[in-house]
Amino acid sequence: MKTKQLLLASSVMIALAGCSTADSATKIDASQKNDVWYKEAQAQIELAKANAPIKKPAKNVILFVGDGMSVGTITAARIFEGQRRGMLGEEYKLAMETLPSVALSKTYNTNAQIPDSAGTATAMVSGVKTKSGVISIDDNVQRGFCNTAKGNEVETAWEMAAEKGLSVGVVSTARITHATPATAYAHSADRNWENDAAMPNIAKNQGCVDIAQQLIDFDKGDGLQVVFGGGRSQFLPDSVTDEEGKNGKRKDGRNLISEWEAKHSDGQYVWDKAGFDKLDANTKRVFGLFEPSHMKYEADRRDGEPSLAEMTSKAIDILGNNQDGFLLMVEAGRIDHAHHDTNAARALADTIALDDAIKAALDKTNPEETLIIVTADHAHTFIMNGYADRGNPILGLSKLGGKYNEDEFGKRYTTLGYGNGANAVDGPRNNPTQDEVMALDYKQQALIKFSSETHSGEDVAIFAKGPEAYLFQGAVEQNYIYHVINEALGLAE
Ligand SMILES: [Zn+2]
């Protein structure tokens, strides 16, 4: 009896395998076949089938990094933007979610379960993991010790691409000398050595150079063609006041912006939106520093600064002049800062600003020649508490069936929260109101008290589209990202 059943089962399987196009007569007439969810997913299957891997080199690569953009951040941002557009929210699809190849990235540093942006970005740009806090130097370095950096510098994809004749650029809403963008063009035993005054004398005496100066000195190939971000004060001496009335931080008396202008007669320095708007595709080289420190959060940005999407679009116009191709990093650096502040509203708005930049890149590049990768460097302790109704305002109090949900002490709570952060209490939790939690400045409640919330060690997502994007499969070590860039651009052995 058993044998017969097995035989029957296997003959059915053989019969099914024998039909290349399944015979409709053998198919079940599923009662749910006209359900909207069923039909939408079927359409999605057809799109997926039509999406063949592109197994050939890329001309251009754009790496988008949402600093601190955990998977939960993406989910919440999707709902946030969907609700801003008048939908329930959960069903909204971000531009980054349309990229067909997806993998998980394991973000730990060689010496840390919970990583920082310097070690993680080094992994993405160089192909090797390293310690927390160090910029494009391998694991032999001891953070803060200049003498341990010497000889242990790794070559970055940006250096290699420039040497191969590609145009290279870095764009960030953070200071351009901050950890993530710095890994593309600098090598430093400490991420905090952004200007000379931030370095200990012993490091300077041992020959280490600050990150701002390394940006100006970058001379691989034709140098950096596009630099857009914040961080102007890192490039100016403390005796000089910038266009917005802030003094520089440098103690060596050097004005690196003037030095950059003297070095690049083909270049243009811009500091505000008006200057930015005058740039066009004929611009050969540009150095844009739009704030003394980090650029503004998207929720606070007004006319003075370009958006991340505008910077990305302009960078593609300028870098795209090189017929040999380009390599561009675009960092949404402030998702991380808002999370450290447990200020979900700003974190989500900056995530949407990144998504707008991704959309701009998708709109103006050809997927047959440009590999687009979207990822995060690390996650945050950002959570979504249960159980609100579908469509409940994502920033709001948790509400079910018209009534606010309460904890076991009868207190209301928000869907979004943090494992640790500034708005933690020693004693009873306060009972928030809807007006309070919907305010832009509201800091979500946290369990463990810290003035600045920490990163978390969960995996982050990688989304990709274009040549070699199919190589993103399964859960990968974060340094694998470099190796896909390398496959696409053929940089190194
Ligand atoms: Zn951070």
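If you use this note's numbering, the sequence shown closes out at 1691, no skipped numbers anywhere. Ideal Cβ placement from N, Cα and C applies to all residues, glycine included.
Around ligand 1, the residues selected by a Cβ distance under 7 Å to any of its heavy atoms are ASP1265, GLY1266, ASP1314, SER1315, ASP1534, HIS1538, HIS1653, following chain order. Here ALA1667 carries a helix assignment [DSSP, helix/strand/coil].
Contact between ARG1627 and GLN1642 is ruled out by a C-beta separation of about 12 Å, above the 8 Å threshold.
In this structure, DSSP gives TYR1467 an extended state, which the three-state scheme calls strand. Between PHE1426 and MET1509, the CB-CB gap stays under 9 Å. THR1579 and HIS1653 have their C-alpha atoms roughly 6 Å apart. When the Cα atoms are used, GLN1521 and ALA1382 turn out to be separated by approximately 22 Å. Counting C-beta atoms within 10 angstroms of its own C-beta, ASN1338 has fewer than 16 neighbours from the protein chains shown and is therefore classed as exposed. For VAL1339, there is no enclosing alpha helix (DSSP H), since its DSSP letter is neither H nor E. About 16 Å separates the beta carbon of VAL1352 from that of SER1330, a gap too long to meet the 8 Å contact definition. The alpha helix (DSSP H) runs of length 4 or more contained entirely in the segment 1319 to 1405 are, from start to end of the chain, 1355 to 1361, 1377 to 1383, 1399 to 1403.
The three-state secondary structure of ASN1684, taken from DSSP, is helix.
Separation of GLY1600 and PHE1278 (C-alpha to C-alpha, rounded to the nearest whole angstrom) is 20 Å. Under the Cβ criterion (8 Å, minimum of three pairs), the segment 1576 to 1590 does not count as touching the segment 1550 to 1563.
Residue pairing by DSSP places ARG1448 opposite PRO1435 in a beta bridge.
For ALA1686, same chain residues with a beta-carbon under 7 Å away, outside a window of 5 residues either side, are PRO1255, ALA1256, VAL1259, LEU1569, PRO1665, GLU1666 in chain order. Shortest Cα-Cα distance from GLU1634 to any of VAL1326, PRO1435, TYR1611 involves TYR1611. Comparing C-alpha distances from ASN1541 to each of GLU1691, TYR1616, HIS1576, ALA1472 shows the shortest one belongs to TYR1616. The C-beta distance from THR1308 to THR1328 rounds to 6 Å, short enough to meet the 8 Å contact threshold.
Per DSSP, the continuous beta strand (DSSP E) segment holding SER1299 begins and ends at 1299 to 1304. Its chain contains LYS1327, GLN1676, ASN1677 as the residues whose beta carbon lies nearer than 6 Å to that of ALA1321, once the 5 sequence neighbours on both sides are disregarded; these appear in chain order. Assigned with DSSP and collapsed to three states, SER1491 falls in coil, not helix or strand. Shown here for LEU1598: same chain residues with a beta carbon closer than 7 Å to its own, the five before and five after excluded, namely TYR1585, ALA1586, ASP1587 in chain order.
In this structure the segment 1370 to 1381 touches the segment 1487 to 1503; the number of beta carbon pairs closer than 8 Å is three or more. Within the model, the alpha-carbon separation for ASP1314 versus VAL1332 is close to 9 Å. Distance from the Cα of ASP1450 is smallest, within the candidate group ASP1408, ASP1475, PHE1474, for ASP1408. Per DSSP, reduced to three states, the secondary structure at GLY1264 is strand. Apart from sequence neighbours up to five positions away, the residues of its chain that approach LYS1609 with a beta-carbon distance below 7 Å are ARG1627, ASN1629, ordered along the chain. Taking C-beta atoms as the reference points, ILE1455 and PHE1474 fail to come closer than 9 Å. Sequence-distant Cβ neighbours of ASP1470 in its own chain, meaning closer than 8 Å and more than five residues away, are GLU1441, PHE1488, GLY1502, GLU1503. GLN1671 and ASP1233 have their C-alpha atoms some 31 Å from each other.
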